[in-house]
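The structure under discussion appears below in the form of structure tokens.
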Amino acid sequence: MTTHFLDRLFSPRSIAVFGASQTTDAVGRRVFDNLVDTDFSGPVFAVNPKYDRINDHICYPNLEAINESIDLAVIATPATTIEAIIHQCGHAGVKAAIIISAGFSEGQGQGLKLEHAVVKAAKQYNIHILGPNCLGLIRPSIGMNATFSKNTAAPGQLALISQSGALCTAILDWAAANEVGFSAIISLGNAADIDFGDLLDFLAQDHKTQSILLYVEGIRDARRFMSGLRIASRMKPVVVIKAGRHQAGSQAALTHTGAMMGGDDVFNAAIQRAGVVRADTIQQLFAAAELLATQCRVHGRRLAIVTNGGGLGVMATDRAIDLGIELASLSDDTIASLDKVLPAHWSRSNPIDVLGDAAPERYKAAVNACLQDEGIDGVLVMLSPQAMTDPDACAQAVIDAQQTSSKPVLACWMGQQLIASADR
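Going letter by letter, the sequence shown gives residues 23 to 446 in the numbering used here.
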């Protein structure tokens, strides 16, 4: 079995936390607690010369005192101390490190020099660094939460790589409420060593990952980024959201992670050539995450729209065309099937207007007919809460119909108060 150079980062057998503290709200303490309070099976060591113990755990002054091999070091100490810690890790045979600490190239003054010195030291020992200035890494399948986040992630098959730790925490909170699991959540930070290209290469080969989300602020090595993106997108769906589309946003990104982004048009063209989907808003990214987490895959562009309102169908048609989605032509058999269950004056075309008085049975029959049509690759079902509408029962009818097919069925229940329980 071949190994990847990031295996020690994603599958460590043992972890040392530099900066573990008796101060409960310190970053190093949060990281240490997250690791020992989850299901990580390997030993986790606290390293801080200030303390003998952290709660019930021995705290060691340095790695030499541990007298056991360490695969991964998680570092949450002042930036000025980290070069020496990397040398300590190198002498102990550590091959992966996560640097949580800020104070490097994202800031002013000596930060860039400190970052270069840390990377130079790491290369001397062949240590691969995630960060600095990052939230950390979560690998749910092995119970590893090497972050200072209050939330963790449930196991799943969706991976997130983000240059924003704040976005990671927002997605973690959203995922917990929506029961979305992850194969990995990776906060890239300044990407002084490990970058998007390295992580995409790993995730493309990772059997635990089936889909990938990216939040991008800046690219340090465009060639490696595009190479990794092409490799990953050939094997798995990849969705990207890019910040800094305008000059002011690009400048904000530069001060956040120290990375500059090129022109938005160039970036857009490049990811399109790589076969990657771009999201423009966080809401779209959340929607993509929820859809990809279902593991439902689309095998064509031919969409059928089922709606109880003509206006909804018109808007959906416009948006589908904007996105390059083809409106499917209904087969003669499908039209004949729908003739049996829909009123005589139904549209007899796509979008399929089941009319405002549509009962759940009408929705179910229409969706079933679409799913059985070989010329349809997916179905969008829309509902507005009209006077005769039962949103909950119609939602259940669509769920029941979808169980008979592997084709994707998307539901859009429009409104808020009257559709709230169905939306859940």
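Glycine residues also receive a C-beta, built at the ideal position from the N, C-alpha and C atoms.
Would you decide whether residue i is buried or exposed? Buried here means 16 or more other CB atoms lie within 10 Å of its CB.
i      : result
Ile120 : buried
Ser205 : buried
Leu360 : buried
Arg161 : buried
Gln438 : exposed
Thr191 : buried
Asn89  : exposed
Lys258 : buried
Lys117 : buried
Asn200 : exposed
Asp395 : buried
Leu194 : buried
Pro83  : exposed
Gln294 : exposed
Gln130 : exposed
Ala188 : exposed
Ser351 : exposed
Ile343 : exposed
Ala442 : exposed
Ile421 : exposed
Just list the residues that DSSP pairs residue i with in beta bridges.
i      : result
Asp375 : Thr329
Glu348 : Arg324
Arg300 : Val262
Val69  : Phe40 and Tyr82
Trp435 : Leu405
Ala95  : Ala38 and Ala119
Pro177 : Phe204
Arg75  : Ile80
Gly64  : DSSP output for Gly64 lists no bridge partner at all.
Leaving out five residues before and five after residue i in sequence, what residues of the same chain have Cβ atoms less than 6 angstroms from its Cβ?
i      : result
Cys392 : Ala326, Ile398 and Val401
Gly133 : Gly125, Phe126 and Ser127
Asn390 : Ala423
Arg35  : Gly64 and Asp93
Thr449 : Outside the shown range of the chain (23 to 446) lies residue 449, about which nothing can therefore be said.
Pro382 : Ala415, Cys416 and Ala419
Ala380 : Asn330
Gly378 : Asn330 and Gln408
Val66  : Ile37, Leu57 and Val58
Gly203 : Ala176, Pro177 and Gly178
Arg75  : Cys81
Examine chain C for any beta-carbon lying closer than 8 angstroms to the beta-carbon of residue i, and answer yes or no.
i      : result
Gly378 : Among the chains of the structure shown, chain C does not appear; only one protein chain is present.
Thinking C-alpha only, which one of the options is nearest residue i?
i      : options                           : result
Gly158 : Ile208, Leu405 and Phe62          : Ile208
Leu180 : Ser428, Ser91, His26 and Leu236   : Leu236
Gly240 : Ser184, Leu225 and Pro259         : Ser184
Ile37  : Ser43, Gln44 and Val53            : Val53
Ser428 : Pro407, Val320, Leu345 and Asp354 : Val320
Gln110 : Leu210, Glu86, Trp196 and Phe126  : Glu86
Ala296 : Leu152, Leu251, Val288 and Gly332 : Leu251
Ile253 : Ala95, Asp228 and Asp47           : Asp228
Gly322 : Leu349, Ala301 and Lys142         : Leu349
Ala48  : His150, Gly211, Ser171 and Ser163 : Ser171
Leu152 : His26, Leu31 and Pro373           : Leu31
Asp243 : Phe224, Ala214 and Val262         : Ala214
Val403 : Ser351, Pro373 and Arg256         : Pro373
Ser91  : Ile108, Asp29 and Ala114          : Ala114
Phe27  : Thr60, Val298 and Gly219          : Gly219
Arg16  : Gly285, Cys318, Leu222 and Leu334 : Summary: the structure shown does not reach residue 16, with the chain confined to residues 23 through 446, and so no result is reported for it.
Lys230 : Ser163, Ser186 and Arg256         : Ser163
Ala175 : Thr60, Ile80, Asp217 and Val431   : Thr60
Residues in its own chain within less than 8 angstroms of residue i by CB, not counting five upstream and five downstream?
i      : result
Val376 : Val328, Thr329, Asn330, Leu364, Trp368, Arg384, Tyr385 and Ala388
Ile104 : Ile97, Ile121, Ser123, Leu136, Val140 and Pro154
Thr426 : Asn390 and Leu393
Gly112 : Ala143, Ala144, Gln146, Tyr147 and Ile149
Phe40  : Gly50, Val69, Asn70, Ala95, Val96, Ile97, Ala98, Thr99 and Ile107
Gly346 : Arg323
Thr339 : Ile327, Leu349 and Pro373
Ala310 : Leu235, Val261, Val299 and Ala301
Excluding five sequence neighbours on each side, which residues of the same chain lie with their C-beta closer than 7 angstroms to the C-beta of residue i?
i      : result
Arg370 : Ile357
Ala198 : Asn173
Met248 : Ala292 and Ala296
Leu440 : Pro407 and Pro413
Gly271 : Since pLDDT at Gly271 reaches only 45, below the 50 mark, its modelled position is unreliable, and no value is offered.
Trp196 : Phe308
Every unbroken alpha helix (DSSP H) inside the region 179 to 257 [4 residues or more]
Counting only runs of 4 or more, we get 187 to 200, 218 to 227 and 244 to 257.
Going residue by residue through the region 142 to 168, where are the continuous beta strand (DSSP E) segments of at least 3 residues, counting only ones entirely within it?
For the beta strand (DSSP E) assignment, the uninterrupted runs of no fewer than 3 residues enclosed by the region 142 to 168 are, from N- to C-terminal side, 150 to 152 and 158 to 161.
Beta strand (DSSP E) segments (min. 3 residues) lying fully within the region 105 to 142:
Counting only runs of 3+ residues, the beta strand (DSSP E) found wholly inside the region 105 to 142 occupies 118 to 121, in chain order.
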